[in-house]
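Numbering (this note's numbering), first residue to last: 49 to 484.
First the structure, in the form of structure tokens, and then the observations on it.
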């Protein structure tokens, strides 16, 4: 008979039942781990403890974080509450179905241990899917709450995401796969980036083997001595190596020599005035001492954009958003107008109290539109924008005219814009009228 997880769980229960019932023993098993419970045995726990775990699984499957956490002790909620809330927010559906459970208790303890074998199917809101076989141990305290939790996972080969190994390596063995490497390669690159951006040649050299093979993106190959890195930055005025992603890998079931693929953007300015900007993929190879032995670089030059050019483009974007604001406001189109605001936006209006949140701002806009005289229009003029690619402050002035074009009032404003999901939205704004 082919063994499946269901078969295995049945065998475990059968074996356990045979020992406990068939031999009529008071305890069984043994704890080998060093500590206060070493050499102690197990006795059967209570069905009540098992029921707590079953009910907690139902709450977990409902994808309700509050309901899920209600089965845990205060200490567990404090330690894992944030993770649980974020976890459930990210999930579309959860379905954990137990194959088998058996409650135990360490002889002399007042807490139950529930051993559970189950299958869980997960689907994230972003479309990712995962199937897992789980072996879990729940500790149930005297109050009937889960006070500790331990989980072991087995990932099926048919899983859509999250395999422990995969891919295929053709150059050496067509049956070989890749797996993640975990020998400190990621930390090495992160530390190396710090040394690089500080232009510290002495510190930078320590990440490389005595002799390095370097394959440049332009096809050039050279062997570089470790000592050469010490003077690497002598003619450099400034550098900025920004890492976008790191992927450590090795060929499965081979020696621990590993590789790592780094996606990054590098910008530099030389002392002679030369400026460079490049997107790159770099493959590093490590020896058994954790030193880099070869570098294979792939890259493309990107047009260098100065800070002044970036801010000019951002200012143009903000001016366009303000024109949209005026268009929506003057037309009374509040549904589109409110899309220019973040969910947690705050308004500090002229001669009014603070208004917090998108919904409250929309209600205030509805009142304002209802009280606005027919034909009144608003025109905004951006006078200054400063900040960076993610958060900018806009300063401007406003003019309000009646239907005949006569100026009724003028004022000034400050708006803080923040980029959310690739789009600038208002997070704070305040304004007041000029003296009449």
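By construction, the Cβ of each residue, glycine as well, lies at the ideal position given by its N, Cα and C atoms.
No experiment lies behind these values; they were computed from the predicted model shown.
{"Asked": "Whole-angstrom distance between residue 428 and residue 370, CA atom to CA atom", "Found": "7 angstroms"}
{"Asked": "Coil, strand or helix - residue 309 by DSSP", "Found": "strand"}
{"Asked": "Length of the line joining the Cα atoms of residue 343 and residue 213", "Found": "24 angstroms"}
{"Asked": "Rounded distance between the beta-carbons of residue 161 and residue 128, thought under 8 angstroms", "Found": "That belief does not hold up - the Cβ atoms of residue 128 and residue 161 are roughly 19 angstroms apart, past 8 angstroms."}
{"Asked": "Beta-carbon separation (whole angstroms), residue 278 vs residue 250, contact threshold 8 angstroms", "Found": "6 angstroms"}
{"Asked": "Beta-carbon proximity check, residue 109 vs residue 144, cutoff 7 angstroms", "Found": "yes"}
{"Asked": "The alpha helix (DSSP H) enclosing residue 366, as first and last residue numbers", "Found": "355-379"}
{"Asked": "Exposure label - residue 100; buried when at least 16 CB within 10 Å", "Found": "buried"}
{"Asked": "Neighbour-count burial assignment, residue 219, 16 or more Cβ in a 10 Å radius", "Found": "exposed"}
{"Asked": "Three-state secondary structure (DSSP) of residue 130", "Found": "helix"}
{"Asked": "Run of the alpha helix (DSSP H) containing residue 388, from where it starts to where it stops", "Found": "Segment: none, residue 388 is in no alpha helix (DSSP H) and carries neither H nor E."}
{"Asked": "As assigned by DSSP and simplified to three states, the class of residue 148", "Found": "strand"}
{"Asked": "Identity of the residue in 339, 355, 226 and 150 nearest residue 185 by Cα", "Found": "150"}
{"Asked": "Exposure label - residue 402; buried when at least 16 CB within 10 Å", "Found": "exposed"}
{"Asked": "Pair within 7 angstroms by beta-carbon distance, residue 472 and residue 465", "Found": "yes"}
{"Asked": "Collapsed DSSP secondary structure at residue 69 in the structure displayed", "Found": "For residue 69, the predicted model reports a pLDDT of 46, less than 50, meaning its position is unreliable and no value from the coordinates is stated."}
{"Asked": "The alpha helix (DSSP H) enclosing residue 236, as first and last residue numbers", "Found": "233-245"}
{"Asked": "Residue 451, DSSP secondary structure in three states", "Found": "coil"}
{"Asked": "Residue burial classification, residue 437 (beta-carbon count within 10 angstroms, cutoff 16)", "Found": "exposed"}
{"Asked": "Unbroken stretches of the beta strand (DSSP E), 3 residues or longer, contained in the region 410-480", "Found": "425-435, 439-449 and 455-468"}
{"Asked": "For residue 103, the three-state DSSP class (helix, strand or coil)", "Found": "helix"}
{"Asked": "Inter-residue spacing [alpha-carbon to alpha-carbon] between residue 453 and residue 423", "Found": "9 angstroms"}
{"Asked": "8 angstroms CB neighbourhood of residue 95 in its chain, flanking five on each side removed", "Found": "151"}
{"Asked": "Option nearest residue 170 by Cα separation, candidates 378, 139, 256 and 482", "Found": "139"}
{"Asked": "Segment contact flag, the region 256-270 with the region 332-346, C-beta cutoff 8 angstroms, min 3 pairs", "Found": "yes"}
{"Asked": "Nearest neighbour of residue 113, chosen from 123, 135, 373 and 247 [CA to CA]", "Found": "135"}
{"Asked": "Close-in-space but distant-in-sequence residues of the same chain around residue 319 (CB under 6 angstroms, 5 per side omitted)", "Found": "283 and 285"}
{"Asked": "Member of 382, 450, 432 and 467 whose CA lies at the smallest distance from the CA of residue 460", "Found": "432"}
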